[in-house]
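Numbering (this note's numbering), first residue to last: 633 to 787.
Have a look at the structure below, then the notes.
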Amino acid sequence: MKYGSLTLVSVGMSALAAHAAPPAPPQEPVIYDTAPDACQSEDFTIYFERGVSDLGDQAEAVLDAVTEDFRHCEFHQIEVAGYADATGSHRINQIVSNKRAYSVMDGLEARGIKAEHVAMMATGEARAMTANGFAEPLNRKVVVRLVPIASMQES
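Laid out in structure tokens, this is it:
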């Protein structure tokens with residue numbers, strides 16, 4: 633009897649397998665967009681002529697790049713730092729570097745970046761470098777730094 637029940641089970645399994653539905657076809661693979669590269673701190677520099685704080689065409693192009701990168705990755709803050717060269721009085725250089733920084737901030741706001749995302753400082757000629765005793769024109773600038781959330785959390 634023991635062998636008879638095994639035979640019946642075998643025959644029953646064969647009959648069930650013959651009438652079973654075929655397995656479902658494999659699903660199409662899910663393809664995800666690649667994740668963006670890790671957001672990193674970026675610096676953009678805008679140069680100015682002596683005593684000038686208005687934005688030129690090159691400055692506008694730099695601000696467009698800043699805006700694009702800001703929107704590409706979730707940055708926590710934009711830092712704007714205005715500088716001046718060592719010519720002129722300390723007071724005048726402080727005013728000029730402040731005006732330059734505000735011009736850049738206005739340019740960013742015109743591109744839809746809210747002021748709460750921007751931190752600003754003006755250094756005047758405090759960090760100005762000289763070459764052979766002459767004022768270095770590369771000090772007449774504003775540096776825009778994008779600081780991603782991850783960098784802010786690691787500090």
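For each residue, glycine too, the CB sits at the ideal point set by N, CA and C.
Discussion item. Determine whether the beta carbon atoms of His749 and Ile710 lie at a separation below 8 angstroms.
Written reply: Stepping through the sequence shown from its first residue, residue 749 is reached at position 117. Stepping through the sequence shown from its first residue, residue 710 is reached at position 78. Against a cut-off of 8 angstroms, the Cβ pair of Ile710 and His749 comes out as a contact.
Discussion item. Quick check for students: name the residue ranges of the beta strand (DSSP E) that lie wholly in the stretch 697 to 784, counting only runs of 3 or more.
Written reply: 707 to 714, 750 to 754 and 773 to 780
Fill in: Close-in-space but distant-in-sequence residues of the same chain around Pro769 (CB under 6 angstroms, 5 per side omitted)
Mapped onto the sequence shown, residue 769 falls at position 137. So the list is empty, once near-sequence residues are dropped.
Worksheet item: Of all the options Ile678, His708 and Glu660, which has the alpha carbon lying nearest to the alpha carbon of Val694?
Response: Looking up residue 694 in the sequence shown gives position 62. Among Ile678, His708 and Glu660, the Cα nearest to that of Val694 belongs to Ile678.
Discussion item. Using only the alpha-carbon positions, how far apart do Leu621 and Glu674 sit?
Written reply: The structure shown does not extend to residue 621, since the chain spans only 633 to 787, so no value can be given for it.
Practice prompt. Work out the CA separation of Gly683 and Tyr734 for me, nearest whole Å.
Written response: Locating residue 734 in the sequence shown gives position 102, counting from the first residue. Locating residue 683 in the sequence shown gives position 51, counting from the first residue. Per the coordinates, the alpha-carbon of Tyr734 lies some 14 angstroms from the alpha-carbon of Gly683.
Discussion item. Per DSSP, what are the beta-bridge partners of Glu660 in this structure?
Written reply: The count along the sequence shown starts at 1 and reaches residue 660 at position 28. Paired residues: none, contrary to the question.
Discussion item. Let me check understanding here. Comparing Cα to Cα, which of Ala718, Asp738, Phe702 and Val728 lies closest to Glu757?
Written reply: Residue 757 sits at position 125 when you count from the first residue of the sequence shown. Comparing Cα-Cα distances from Glu757 to each of Ala718, Asp738, Phe702 and Val728, the minimum goes to Ala718.
Worksheet entry | Test item: CB-CB of Gly714 and Arg732 under 8 angstroms | As a working note, residue 714 is residue 82 in the sequence shown. As a working note, residue 732 is residue 100 in the sequence shown. Contact flag set, yes.
Worksheet item: Alpha carbon to alpha carbon, what distance is there between Glu660 and Ser729?
Response: By one-based count along the sequence shown, residue 729 stands at place 97. By one-based count along the sequence shown, residue 660 stands at place 28. Whole-angstrom Cα-Cα distance: 58 angstroms.
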